[in-house]
Amino acid sequence: MFLVTPDRSHGLVAAPRAPEDLTPGTEETLTAQGFTWNSEIEAYTRPTGRSPEDVDRTAGTLRELGHFVLSSYTPPPVG
Numbered sequence: 001m002f003l004v005t006p007d008r009s010h011g012l013v014a015a016p017r018a019p020e021d022l023t024p025g026t027e028e029t030l031t032a033q034g035f036t037w038n039s040e041i042e043a044y045t046r047p048t049g050r051s052p053e054d055v056d057r058t059a060g061t062l063r064e065l066g067h068f069v070l071s072s073y074t075p076p077p078v079g
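Those letters in the sequence shown? Residues 1 to 79, by full-length UniProt numbering.
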């Protein structure tokens, strides 16, 4: 399972629920889309693309790879 959401500090975030979600194909696909692994938050991040369309596109790609995906268009409030 993945959470895909924009984040004020990290850009667009694709966060796996568990290490088992990080299949080689998933990692390759996210890297090809410009994501990099951020070990501090244990998620893939991309500094650009925080629009609802970007969230939908990333979530759709992960679903096509067989993942269950939760997505949100609104970053959580800071604080």
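Virtual Cβ for every residue (Gly too), placed ideally from N, Cα, C.
Candidates the options: closest to residue i by CA position
i: E27; options: A59, V13, A18 and Y44; result: Y44
i: R63; options: R46, P19, S39 and L30; result: L30
i: P19; options: R8, S39, D7 and T5; result: S39
Collapsed DSSP secondary structure at residue i in the structure displayed
i: P47; result: coil
i: A18; result: coil
Between the CA atoms of residue j and residue i - distance to the nearest angstrom
i: H10; j: P24; result: 23 angstroms
i: E42; j: F2; result: 12 angstroms
i: D54; j: L22; result: 20 angstroms
i: R57; j: L65; result: 13 angstroms
Beta-carbon proximity list for residue i, same chain, < 6 angstroms, skipping 5 on both sides
i: G34; result: R46
Expected contact under 8 angstroms - CB spacing of residue i and residue j to nearest Å
i: A59; j: S51; result: Not really, about 13 angstroms apart at Cβ, beyond 8 angstroms.
i: Y73; j: P6; result: 7 angstroms
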